[in-house]
Amino acid sequence: MSTAAARKPMIDMDLPPHARHVPATHWRNAKDEAEAAKLGMWLFLATEILLFAGFFCAYSAFRLYYPGNWHAASSYYLSWKIGFANTVVLLASSFTIVMAIRGAQTNRQWMIQLNLFLTQLCAAFFLVVKLVWEYWPKIQEGKLPGGFFTYAHSQGPHDHIFLSIYWIATATHGLHVFVGMIVIGWAMWMAARRHYGPKHYTSLENIGLYWHIVDIIWIFLFPLLYLV
Amino acid sequence: MTSGGVQFAFGPGVLSSWWDWLWFHNQTDTSTFARGVDLVFFYIFWVSAAFFVLLMVLMAYFAVRYRRRPGVAPEPSASHNTPLEITWSVVPTILMAVMFVWGTYEYLPLKIAPADAEVINVTARQWGWEWVYENGAQSRDRERIADMDSPVFALPRGRPVKFIMSSNDVIHSMYIAAFRIKRDVFPNMYTSQWTVPKEATHRWSEEMKQFVPIQPGANNGYYMACAEYCGDQHSQMWARIMVLEDADYVKWKEIQASTDDIPLLVLGEILHKTKGCVSCHSVDGSKGTGPTWKGIWGTTEQFKGGGSAVVDENYVRESILEPAKNIVQGFANQMTSFQGQVTERELMALTTYIKSLSAKPDDLEAAKAASDAEMEAKKKAAEEATNP
Amino acid sequence: MTHDPLQDSIDPSETLSVHEAHEDHHHVSPFWPMLWVFVVLVVLTFLTVWTSRMHEIVIGNTTIEFGTTLHILVAMAIAVVKAGLVAAYFMHLKYDKPMNTVVVGATIFAVTLFIGLTLGDLDARRFAGMKDMQYHILGGDVHFDAAGNRVKGKGIVQTAKDNAHAESSSPAAQSHSQPATGDAKPAEAPGAKPGGH
Amino acid sequence: MSGHHHESYLAPRETLWKSIMAWVYTLDHKRIGVMYLIATTFAFLLAGVFALLVRAELWEPTRTIVDEATNQTRVVGQFLPGWTERGLPVTPNNAYNRAFTLHGAIMVFLFIIPAVPAALGNIFLPIMLGAKDVAFPRLNLLSWYTYVFGGLFAVWSLASGGAETGWTFYTPYSSTTNWGSTTAMVLAAFILGFSSIFTGINFVATVHKLRVPGMGWFDMPLFAWAIYATAIIQVLATPVLGITLLLLVLERTLRIGIFDPAMGGDPVLFQHFFWFYSHPAVYIMILPGMGIASELIAVHCHKKIFGYRAIAFSSIAIAAISFLVWAHHMFTAQTAAFNAVFSALTFLVAIPTAIKVFNWISTMYKASIALNTPMLYAMSFLFCFTIGGLTGPPLATLAVDIHLHDTYFVVAHFHYVMMGGTVMAFLGGLHHWWPKMFGKMYNEFWGRVGAVLVFIGFNVTFFIQFFMGTQGMPRRYATYVEEFTSFHKISTVGSWILFLGFLIHALVFAHSLVAGRAAPKNPWGGLTFEWEADSPPVEHNFDHEPVITHGPYDFESVVPPHCSEQDFPLHPAAQNGRAHGH
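Printed below as a string of structure tokens:
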């Protein structure tokens with residue numbers, strides 16, 4: 000006899016969907032399941048951090064080799080205003096997703112949906128700004144990584160390396176933002192089906208965690224690439 | 000080739016020679032570092048051997064003594080023993096601390112060359128070595144090692160030499176096993192290592208007019224190899240190191256330095272090897288990384304992405320100085336430029352040599368003629384210089 | 000094999016009628032603290048930009064020059080604080096099981112080792128002096144000077160001779176001519192063996 | 000969730016189609032483990048073939064069975080003809096370089112990293128913890144398909160000319176070479192990294208959250224401890240490999256120039272990136288082997304393991320220290336000060352390793368040792384791993400390593416640890432758990448014959464290579480000077496003995512699957528949970544969640560479950576306070 004089989008009839012179909020959650024059969028109870036899910040997410044975040052550590056390491060290495068060139072390049076090729084705007088937007092989105100979780104915890108469906116929507120909005124803003132005001136002009140002027148660097152007025156012999164790192168780091172980060180938009184979109188859909196509630200919001204929480212790490216990574220990328 | 004050690008029979012004879020080889024037979028005191036490094040090695044070796052024997056004897060003894068007997072229960076014994084566990088954690092730690100300190104002590108001098116060391120500039124390329132001595136000499140002596148024409152380099156006995164090394168393409172590593180020195184060679188920075196060879200291996204023999212081993216068979220000099228994987232012919236970057244007494248060493252360098260007395264044709268043949276052309280361009284028609292030189296003269300080469308050219312003086316010159324400019328179809332852009340690494344006369348020599356390999360016999364004649372003519376001109380010039 | 004009957008019957012914590020099982024899993028994130036954290040984060044962002052754009056600060060009659068290094072230090076310090084806030088509040092580390100914090104700790108440990116030790120080695124190597132990077136693009140001994148103008152080389156043999164002389168003559172020329180990694184200047188060679196002659 | 004709970008996890012479904020789908024979509028950790036086992040075995044055979052080719056090539060210093068007409072390289076070229084990329088010829092060394100590269104890359108990324116954790120670990124970690132499955136079954140399946148996907152890239156690389164950069168992919172050679180399809184191989188390793196990460200995340204969460212109620216950390220079997228330590232490294236180190244290889248691919252495709260000196264990049268930076276993962280990776284490879292060794296020795300000596308906590312903690316210590324030593328792969332490339340630091344740190348890792356060995360051998364004291372195939376493997380593990388371990392210090396010692404770096408001494412050391420350690424333990428574990436996995440016994444006699452042959456063949460192949468190394472025979476050499484001929488000949492002969500041993504094992508296992516007699520629940524008298532389950536286990540491992548009544552190695556006080564007291568009597572001295580496995 001399987002515990003799952005025994006558990007089924009005990010579900011009260013009158014409860015909202017989120018209250019009907021039953022842990023997968025190999026879990027002893029919902030608490031373990033939720034904690035494990037979070038632990039797994041944190042481990043995944045650990046791998047994300049280490050992945051980006053590669054960029055930071057490369058950045059610092061070449062900053063070490065070509066300090067002057069590096070310092071000049073950042074202000075020469077990048078506008079801190081754009082970076083600043085994007086930073087604030089990302090921070091705001093982090094706040095809204097926290098509020099979405101709060102909505103789930105306090106079972107206020109409108110709060111979940113509104114905040115998820117706002118988060119999505121911020122993410123979209125971030126990407127649009129990046130593509131339209133940063134990437135596109137750079138592509139046109141040939142401020143491209145490594146071998147494709149064709150910009151006529153380079154201000155130092157190693158600009159192409161700086162741009163290599165800028166492009167790879169921001170592109171990878173942008174990709175993460177894009178993936179974040181997809182999962183948040185999924186969350187919005189689930190929220191619309193009243194899937195989240197005080198008893199069951201682990202997946203929403205994990206999406207939040209992912210979104211925050213994307214934010215944190217940007218918190219470091221912004222000053223390194225745009226400011227100092 | 001019998002150099003560097005004993006010839007082994009494949010069979011029982013091997014056993015004895017293993018021990019020679021473990022004990023580095025006659026190579027223990029070949030350089031400043033060899034003796035020290037080997038002492039550390041043997042310290043570690045004997046410590047390890049002792050532990051290994053102890054552990055394995057115990058294991059074998061237990062396996063026999065306590066083998067399973069049906070129906071007999073093992074007699075209980077402690078499942079841990081703190082003093083014992085502390086002992087076998089601390090003792091190895093101490094022994095290894097000694098290894099670390101001793102090993103580092105022997106290593107540090109290897110990084111610090113004496114100020115009066117003679118500098119030899121080493122250039123590694125795919126796939127060969129080029130040593131430039133202080134007087135600009137580059138080795139022209141060749142020896143066939145592992146199916147490859149390899150250079151023979153000379154070092155002075157009892158004097159410090161410092162190698163300042165750089166690479167033309169990828170990472171190599173200059174490794175002279177007998178001296179216990181090894182250092183990676185990078186394309187983007189100079190690295191260096193130094194040594195003092197302790198015993199002379201060759202001497203100048205007047206009767207044979209060449210450098211010969213002092214104890215032929217026993218020690219014909221040492222091997223130098225590339226220890227960092229660098230592509231196709233990585234395993235053929237061998238070189239022979241011979242150690243000479245000072246007088247012989249100076250003589251050797253002078254001989255290598257002057258190429259003027261060599262007719263263009265001969266010089267071209269030498270350069271084909273010393274400059275490393277041989278590693279990609281065969282002269283027997285076999286296909287290599289680059290086009291063979293046999294019969295290439297006067298033919299028309301088709302380039303990648305259209306275009307073609309007849310192989311003549313200009314084309315050869317261009318391919319040596321700007322190899323990447325045109326790539327012959329069916330070949331990759333592998334060659335690095337020799338801009339500034341070949342003199343005009345060397346270019347002429349190579350051109351003449353390639354010409355002499357032409358399919359057409361009259362080209363060969365022309366090449367010979369040109370070579371001799373140039374030699375004549377030199378002689379005349381020399382005579383005029385002596386008696387105006 | 001023995002098993003207590005409880006294991007067979009349904010564990011009450013698996014059903015939703017019982018709430019105890021969920022309590023410590025549910026820390027509701029409060030509104031105002033979170034809002035304040037957000038505000039602080041924005042302020043800190045302003046601060047980063049502001050500090051990065053100032054060149055010196057005057058306190059009383061003492062003036063602190065803002066060099067590149069100081070800029071980096073300040074910016075990174077602020078960034079770390081911001082990251083800490085996000086992790087502690089937004090990411091709930093403050094309220095969660097300590098295990099998650101341990102994971103973060105281990106990660107930071109690994110990242111620190113990775114970047115720290117790597118840079119340590121590269122930094123030492125930088126002092127060992129890198130050969131001009133353009134050297135191998137154009138081949139031969141052609142290179143670029145500081146101003147970025149192309150300079151015709153003198154051929155490898157000549158370079159070799161110069162290096163050789165630079166060796167024996169001026170220690171000043173060390174950094175360029177003999178940039179073997181980490182070599183101390185031969186003059187003050189600690190524990191150097193006598194050259195064997 | 001219907002009626003499959005009481006059937007073996009291997010039991011077929013109603014129709015063939017359903018049975019196949021049941022494997023394709025399975026979330027059962029045992030099935031995923033078995034699929035991993037099959038895949039890694041295939042990878043092992045493939046890479047093994049390349050190893051044999053490499054050894055055969057080295058039979059003669061320069062040429063052997065030459066087919067000069069086709070400009071193929073000597074032996075290897077006979078087997079790998081026609082690998083001409085972009086009209087480049089197969090030069091005399093080139094096919095050899097591909098052979099050793101593919102041997103290394105496939106063995107490391109497709110066999111030895113996933114073999115023990117993802118195959119045996121997947122099957123037995125949850126059972127040993129008394130769990131029904133791993134924490135995230137879907138992630139587990141994803142990890143398997145990621146592995147397959149990565150494997151496809153490796154096959155693509157293989158089919159389109161292979162790679163010849165060496166499995167270490169050192170720049171700038173790897174970023175500029177035109178031979179073969181290096182990019183495909185790098186991508187393969189990149190993707191396989193993610194598969195490894197997923198497994199790691201899964202196992203950490205499993206150990207933390209799915210231990211049976213009442214099982215504390217120190218009631219866990221040592222295999223679980225080892226897998227846990229491994230998983231930590233997998234999570235913390237592998238991402239760096241990901242970014243490294245990603246950058247390398249971009250280097251080859253977009254010419255970003257970070258590692259390319261010609262564009263102002265730094266090749267040494269790549270070495271740091273690469274080894275930051277790849278040194279911990281060798282502990283990903285060996286730690287599970289150590290875990291298996293602990294199980295084998297305890298069970299087949301029927302003896303409480305000596306110094307349980309020491310072994311458990313040393314696993315974690317090794318995991319932690321493994322992040323501190325990577326730069327000892329670069330002693331000939333680095334600055335003196337850093338070499339000294341890393342030399343010291345490297346010695347640290349030897350201490351927990353030594354402790355493990357001492358504990359294992361002390362466990363055999365006053366034991367009741369059954370010299371069956373698994374135990375033979377446990378002993379050859381001890382033999383080879385001790386040699387592998389003891390040849391570490393010469394390589395950690397600066398002065399000596401400068402001489403031995405990148406010589407056959409390193410090759411021998413590496414193989415003594417990886418093959419003599421992990422592969423021996425893996426084979427031992429395979430025999431040990433075979434009855435449990437497939438419910439069939441194997442032929443003990445031929446099993447022992449195979450074990451002995453593998454042991455002899457391995458040592459003949461690799462021991463002689465220490466001598467070559469001390470004499471300065473560099474690694475990755477297709478042609479060598481004649482002094483080394485007899486050494487290489489002996490080594491090559493050893494590789495044939497080794498091959499024979501593996502052949503016998505293959506036959507033994509095949510025979511067992513076809514005609515092996517049904518296995519009892521607990522053939523060896525083990526005390527961990529997997530021996531309480533059926534052989535093979537049911538879909539969720541246990542009919543009823545097991546209850547922890549005794550420690551994993553309390554052989555002195557417990558008669559193993561499903562075993563009679565005649566077979567495993569208790570010593571009179573231990574009669575008081577006796578418990579019973581049932």
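Here the protein sequences come in this chain order: G, C, S and U.
Position 85 (the first sequence) corresponds to 84 in numbering that gives the first Met the number 0; numbering is contiguous.
Position 99 (the second sequence) corresponds to 98 in numbering that gives the first Met the number 0; numbering is contiguous.
Position 171 (the third sequence) corresponds to 170 in numbering that gives the first Met the number 0; numbering is contiguous.
Position 254 (the fourth sequence) corresponds to 253 in numbering that gives the first Met the number 0; numbering is contiguous.
Don't be surprised by glycine CBs; every beta carbon is placed ideally from N, CA and C.
On a predicted model such as this, the values are computed, not experimentally measured, just so you know.
Counting other Cβ atoms within 10 Å of its Cβ, C:D245 stays below 16 and is therefore classed as exposed.
A Cβ of chain G is located within less than 8 Å of the beta carbon of S:F89. In its chain, beyond the 5 residues on either side, G288, I291, A292, F380 have a beta carbon closer than 6 Å to the beta carbon of U:A424.
Distance from the CA of C:V265 to the CA of C:H201, rounded to the nearest whole angstrom, comes to 25 Å.
C:T299 sits close to C:V309, with the two beta carbons spaced by under 8 Å.
Secondary structure at C:G127: strand, using DSSP grouped into helix, strand and coil. With contacts defined as CB atoms closer than 8 Å, U:M184 and U:S142 fail to qualify as a contacting pair. Between U:I296 and C:R66, the gap from beta carbon to beta carbon reaches 8 Å or more. The continuous alpha helix (DSSP H) containing G:M180 extends over residues 158 to 191. Between C:S281 and C:T291, the C-beta spacing is below 8 Å. Around U:V239, the beta-carbon contacts reaching into chain S at under 7 Å are F113. In this structure, C:Q214 keeps its C-beta atom at 8 Å or more from the C-beta atom of C:A145. With at least 16 other beta carbons inside 10 angstroms of its own, U:L249 counts as buried. Between the alpha carbons of S:N99 and G:L38 lies a gap of roughly 6 Å.
A residue is called buried once 16 or more other Cβ atoms fall within 10 Å of its Cβ, and G:T201 is buried on that count.
By the criterion of a C-beta distance shorter than 8 Å, U:I360 is surrounded in its chain by L381, once the five residues flanking it on both sides are discounted. Boundaries of the beta strand (DSSP E) harbouring C:S307: 307 to 309, taken from the DSSP string. Of G:G82, G:V182, G:F116, G:L113, the smallest CA-CA separation from S:V48 is found for G:G82. Inside the segment 68 to 106 of chain S, DSSP marks no whole alpha helix (DSSP H) run of 4 or more residues. The three-state reading of DSSP puts C:Q214 in strand, counting E and B together. Between the alpha carbons of C:V184 and C:T190 lies a gap of roughly 6 Å.
U:H570 and U:P522 have their C-alpha atoms spaced approximately 20 Å apart.
Closest by C-alpha distance to G:N114, out of G:T105, G:F94, G:G145, G:K129, is G:F94. For the set G:Y195, G:T149, G:L50, the Cα lying nearest the Cα of G:L162 is the one of G:T149. Among the residues facing chain G, U:G256 is included, as its CB has a counterpart in that chain under 8 Å away. Its chain contains L264, G267, E268, H271 as the residues whose beta carbon lies nearer than 7 Å to that of C:Y352, once the 5 sequence neighbours on both sides are disregarded; these appear in chain order.
In the DSSP assignment, G:K30 falls within the alpha helix (DSSP H) that extends over 29 to 64. Residues of chain G with a Cβ closer than 9 Å to the Cβ of U:F272 are, in chain order, G53, C56, A57. In this structure, U:F312 lies away from U:A326, with their beta-carbon atoms at least 8 Å apart. Taking every protein chain shown into account, the CB of U:S180 has 16 or more other CB atoms within 10 angstroms, so this residue is buried.
Interface flag for U:N96 against chain C is set, since a Cβ pair is found closer than 8 Å.
Residues of the segment 25 to 39 of chain G with a C-beta less than 9 Å from any C-beta of chain U: H25, W26, R27, D31, E32, E34, A35, A36, L38, G39, listed in chain order. Under the Cβ distance rule, U:G387 does not count among the residues neighbouring chain C, no pair being separated by less than 8 Å. Judged by pairs of C-beta atoms under 8 Å, the segment 484 to 501 of chain U does not touch the segment 341 to 353 of chain U, as fewer than three such pairs exist. Each residue's CA atom was taken as its position, placing C:E227 and U:L268 some 16 Å apart.
Contact annotation for G:I206 against chain U: no contact, minimum CB-CB distance about 16 Å [criterion: below 8 Å].
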